């Protein structure tokens, strides 16, 4: 089993647009973790195929 870390530090809408790609990765049998910013965390928790969500506040994103 592979572990995949996807990173998306954008807003909710941008995180949602990543959903189909993350579902495809998960369908291949990989365990998907999504690292996102606080502004995208609510949407990240709604994505199917994502096993774990880590929130990281990047200093360069205001």
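In the working numbering, the protein residues as written are 31 to 92. Just so it is clear, CB atoms sit at the ideal spot from N, CA and C, and this is done for glycine as well. Computed from a prediction, not measured in an experiment: that's the story for all the values here.
Endpoints, alpha helix (DSSP H) assigned at residue i
{"i": "residue 53", "result": "49-57"}
{"i": "residue 72", "result": "71-74"}
Beta-carbon proximity list for residue i, same chain, < 7 Å, skipping 5 on both sides
{"i": "residue 88", "result": "39, 67"}
{"i": "residue 78", "result": "53"}
{"i": "residue 62", "result": "34, 36, 52, 55, 56, 79, 80, 81"}
Chain-order list of residues whose beta-carbon lies under 8 Å from that of residue i (same chain, five-residue window excluded)
{"i": "residue 44", "result": "38, 70"}
Own chain residues within Cβ distance below 6 Å of residue i, not counting five before or after
{"i": "residue 64", "result": "36, 74, 80, 83"}
{"i": "residue 49", "result": "77"}
For residue i, the first and last residue of its enclosing beta strand (DSSP E)
{"i": "residue 33", "result": "33-38"}
Which listed residue (the options) has its alpha carbon closest to that of residue i
{"i": "residue 34", "options": "76, 56, 85", "result": "56"}
Which residues DSSP lists as bridging residue i, in chain order
{"i": "residue 85", "result": "66"}
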